[in-house]
Amino acid sequence: MFQRLFIANRGEVAVRIARACRALGIAPVGGVSEPDRGMSWVGELDEAVCLGPAAAAESYLDPERAVQAALQTRCSALHPGWGFLAESPRFAALCRQHGIAFVGPSASLMALMGVKSPAKEAMRAAGLPVLPGSEGPLADADAAVAAAERTGYPVILKADHGGGGRGMRICREEAEVRAAFQAAAAEARAAFGSGSLYLERYLAHGRHIEVQVLCDRFGRGVHLGERECSIQRKHQKLIEESPSPALSSQERAELGARAVAAALAQGYVNAGTLEFLRDGDGRLWFMEMNTRLQVEHPVTELVTGVDIAQEQIRIAANLPLGLRQEDVRFRGHALECRINAEDPADGFRPSPGRLAAFELGGGAGPGTVRVDTHLRTGDEVSPYYDSLLAKVIAHAPTREEAIETMLSALSAARVEGVQTTIPLHLAVLKSRAFRSGEYDTSGLPGWS
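Taking this note's numbering, the leading residue of the sequence shown gets 292, the next gets one more, and so forth.
Spelled out as structure tokens, the structure:
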């Protein structure tokens, strides 16, 4: 096992990986930007190296600086977390070129899954159904119109690289395709360095369901069930739960087995997530594979008892999976709410500032509450990075009890100094559509 591991990330991500390291007897080391040096979360690291100024491009997004910092702090492994460089094939290759074990899949697998059109073709060949659409990237708006006519409207233009809702446009007729093509390409180019787009059929009322897999380098893999991620705003997830209220136990087992088989067919190693859209007829269509630890992984950890971050590190250390599929047991129901420093009543305007009070995890619900955060009262919410304050995760024997636990925890929360998305979460959780489990990606139930 590794003795020292470098965490190429910040905030809540760094704290989460540091906790996994300590559980395995590994010293967590990290890199920080200049404004982050005085943050309380840096105390979770045994050692911290300043990577550069506030601009992410000159600190957290600079692969050479991260690798150099890992080398100078004598780290034999590096965990990228999620966001920043977590899905950069170049970064993974650079680590391995310098003898640093990268906690994630190979650079070649990351490159394959990081570009949506070849990823879909690879998974189609592995037996997963994919939505009809363009064959590879689109040359121009004319090619997009031709593909839309073959596919049938409505369609969605998507960035071939990256994700997170950027470079996406829904189109219901030819004029919209032509009008959206250049704007989507420009947005994708600015976000991911590539304006390449592809097109697929748009499911207006689909459900976003994803499967967590773990695969070792000895050809063994397991799935840890699925997560429902359909509560979204502008393709950004807000609430996740496991298991999905839309799937039966048989559907869950079948989907998980197919996801593991498809991942192993690619030679995939480490943790990964296969994302699907479920249509109104109950059919599941592969969308993409995320080659990293997901933000929402805690809901899976609570229903299975498996520490996914620790398993990632063990796999990177060339250890075989410590569990078989029959060892995975699903217990109860878990929900996660991403609490952001944004004002939902003012168009989700960012709300940086100093936390005059920061108390989460209280309440008197029937289940248990886990809070993943890097902040405490008195800390500054930075204007430079992600606005995530915390993830509040509730676990209980039943879905209804998990919802009641979350409602109790969020109602008891005390956050002062910044605006938060807690009012939005409370409205959604109380809505009839969410309580019944009959919701999809088309809107935010309970929130106008």
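Every residue, glycine too, gets a C-beta built ideally from N, C-alpha and C.
One or two residues paired with residue i in a DSSP bridge
{"i": "leucine 631", "result": "One detail in the question is off: residue 631 reads as asparagine in this sequence, not leucine. Leu679."}
{"i": "tyrosine 489", "result": "Lys449"}
{"i": "arginine 645", "result": "Glu671"}
{"i": "arginine 268", "result": "Here the chain has residues from 292 to 739 only, and residue 268 is not among them."}
{"i": "histidine 514", "result": "Val504"}
{"i": "glutamine 523", "result": "Lys528"}
{"i": "valine 323", "result": "Cys341"}
{"i": "asparagine 300", "result": "None; asparagine 300 has no bridge partner."}
{"i": "leucine 369", "result": "Phe297, Phe393"}
{"i": "histidine 716", "result": "None; histidine 716 has no bridge partner."}
{"i": "tryptophan 576", "result": "Leu568"}
{"i": "valine 706", "result": "Phe649"}
{"i": "valine 406", "result": "His452"}
{"i": "valine 421", "result": "Phe577"}
{"i": "asparagine 561", "result": "Cys506"}
{"i": "serine 350", "result": "In the DSSP output, where bridge partners are listed per residue, serine 350 has none listed."}
{"i": "leucine 546", "result": "Bridge partners of leucine 546: none, in fact."}
Given residue i as reference, the closest of the options once Cα atoms are compared
{"i": "alanine 700", "options": "Arg667, Gly656, Gly708, Leu666", "result": "Gly656"}
{"i": "glutamate 426", "options": "Pro396, Pro420, Lys411, Thr595", "result": "Lys411"}
{"i": "asparagine 300", "options": "Trp332, Glu531, Leu529, Met401", "result": "Trp332"}
{"i": "isoleucine 530", "options": "Gly613, Cys628, Leu568, Cys506", "result": "Cys628"}
{"i": "aspartate 327", "options": "Ile317, Ala347, Pro319", "result": "Ala347"}
{"i": "phenylalanine 649", "options": "Val706, Arg511, Gln503, Arg569", "result": "Val706"}
{"i": "isoleucine 630", "options": "Ile713, Glu338, Thr732", "result": "Ile713"}
{"i": "alanine 724", "options": "Leu422, Val394, Ile694", "result": "Ile694"}
{"i": "isoleucine 769", "options": "Phe393, Ala305, Glu338", "result": "Nothing about residue 769 can be read from this structure; the chain reaches only from 292 to 739."}
{"i": "glycine 456", "options": "Ala470, Arg463, Ala476", "result": "Ala476"}
{"i": "valine 709", "options": "Cys386, Thr442, Ala647, Ala398", "result": "Ala647"}
{"i": "histidine 526", "options": "Glu592, Gly734, Gly516, Ala550", "result": "Gly734"}
{"i": "alanine 550", "options": "Pro589, Met580, Ala377", "result": "Met580"}
{"i": "glutamate 592", "options": "Ala685, Arg726, Glu633, Gly424", "result": "Ala685"}
{"i": "alanine 537", "options": "Leu400, Lys528, Leu610, Asp572", "result": "Asp572"}
{"i": "aspartate 431", "options": "Ala377, Asp670, Leu490", "result": "Leu490"}
{"i": "glutamine 616", "options": "Ala548, Phe472, Arg569", "result": "Ala548"}
{"i": "arginine 295", "options": "Gln363, Leu546, Glu303", "result": "Gln363"}
{"i": "leucine 419", "options": "Gly458, Gly486, Glu545, Gly334", "result": "Glu545"}
{"i": "alanine 687", "options": "Glu532, Ile308, Gly334, Ser727", "result": "Glu532"}
{"i": "glycine 329", "options": "Gly302, Pro319, Ile308", "result": "Gly302"}
{"i": "glycine 653", "options": "Gly669, Arg726, Ala704, Val586", "result": "Ala704"}
Rounded distance between the beta-carbons of residue j and residue i, thought under 8 Å
{"i": "alanine 360", "j": "phenylalanine 297", "result": "7 Å"}
{"i": "leucine 342", "j": "glycine 372", "result": "Their Cβ separation, rounded to whole angstroms, is 14 Å, which puts leucine 342 and glycine 372 out of contact at 8 Å."}
{"i": "arginine 543", "j": "histidine 624", "result": "The pair is not a contact, with the Cβ atoms about 13 Å apart (cut-off 8 Å)."}
{"i": "leucine 651", "j": "valine 683", "result": "6 Å"}
{"i": "histidine 665", "j": "valine 340", "result": "About 18 Å separates the two Cβ atoms, so there is no contact after all."}
{"i": "alanine 742", "j": "proline 380", "result": "No statement about residue 742 is possible, as the shown extent of the chain runs from 292 to 739 and does not include it."}
{"i": "valine 662", "j": "threonine 696", "result": "That belief does not hold up - the Cβ atoms of valine 662 and threonine 696 are roughly 13 Å apart, past 8 Å."}
{"i": "leucine 488", "j": "proline 428", "result": "7 Å"}
{"i": "proline 611", "j": "arginine 511", "result": "7 Å"}
Neighbourhood of residue i by C-beta distance below 7 Å, restricted to the same chain and skipping five residues each side
{"i": "phenylalanine 567", "result": "Ile500, Glu501, Leu575, Trp576, Phe577, Met578"}
{"i": "proline 344", "result": "Ser324, Glu325, Ser350"}
{"i": "isoleucine 461", "result": "Pro445, Ile447, Tyr493"}
{"i": "leucine 584", "result": "Gly372, Trp373, Ala562, Ile599, Ala600, Gln603"}
{"i": "serine 673", "result": "Pro326, Pro643"}
{"i": "arginine 469", "result": "Ala432, Val436"}
{"i": "serine 521", "result": "Arg498, His499, Tyr730, Asp731, Thr732"}
{"i": "arginine 569", "result": "Gly497, Arg498, Ile500, Ala537, Leu575"}
{"i": "alanine 413", "result": "Leu403, Gln557"}
{"i": "alanine 438", "result": "Gly424, Ser425, Leu429, Leu490"}
{"i": "serine 722", "result": "Pro736, Gly737"}
Sequence-distant residues of the same chain with beta carbon closer than 8 Å to residue i, five excluded per side
{"i": "valine 619", "result": "Val513, His514, Leu515, Gly516, Thr595, Val597"}
{"i": "cysteine 386", "result": "Val358, Ala361, Leu369, Ala392, Phe393"}
{"i": "glutamate 355", "result": "Leu385"}
{"i": "serine 739", "result": "none"}
{"i": "glutamate 478", "result": "Ala450, Arg457, Gly458"}
{"i": "glycine 390", "result": "Ser367"}
{"i": "serine 399", "result": "Pro380"}
Test: residue i CB closer than 8 Å to a CB of chain B
{"i": "alanine 647", "result": "Annotation note: the requested chain B is absent from the structure, which comprises a single protein chain."}
Cutoff 6 Å; reference residue i; Cβ partners in own chain excluding five residues on either side
{"i": "valine 560", "result": "Pro396, Cys506, Arg508"}
{"i": "aspartate 634", "result": "Arg640, Ser642, Gln710"}
{"i": "phenylalanine 382", "result": "Pro354, Leu376"}
{"i": "leucine 565", "result": "Val502, Ala550, Met580"}
{"i": "threonine 582", "result": "Glu378, Pro396, Met401, Met404, Gly563"}
{"i": "arginine 463", "result": "Tyr444, Pro445"}
Contact between the segment 472 to 485 and the segment 495 to 510 (3+ Cβ pairs under 8 Å) | no
Do the segment 446 to 456 and the segment 397 to 408 touch if we need at least three Cβ pairs shorter than 8 Å?
-> Judged by Cβ distances under 8 Å, the segment 446 to 456 makes contact with the segment 397 to 408, as three or more pairs qualify.
Report yes or no: do the segment 349 to 367 and the segment 320 to 339 share at least 3 C-beta pairs separated by less than 8 Å?
-> yes
Would you check if there are 3 or more beta carbon pairs closer than 8 Å linking the segment 671 to 679 to the segment 632 to 651?
-> A contact between stretches requires three or more CB pairs, one per stretch, nearer than 8 Å, and the segment 671 to 679 meets this requirement with the segment 632 to 651.
Pair every Cβ in the segment 306 to 319 with every Cβ in the segment 593 to 604, then say whether three or more of these pairs are closer than 8 Å.
-> yes
Contact between the segment 506 to 516 and the segment 549 to 568 (3+ Cβ pairs under 8 Å) = yes
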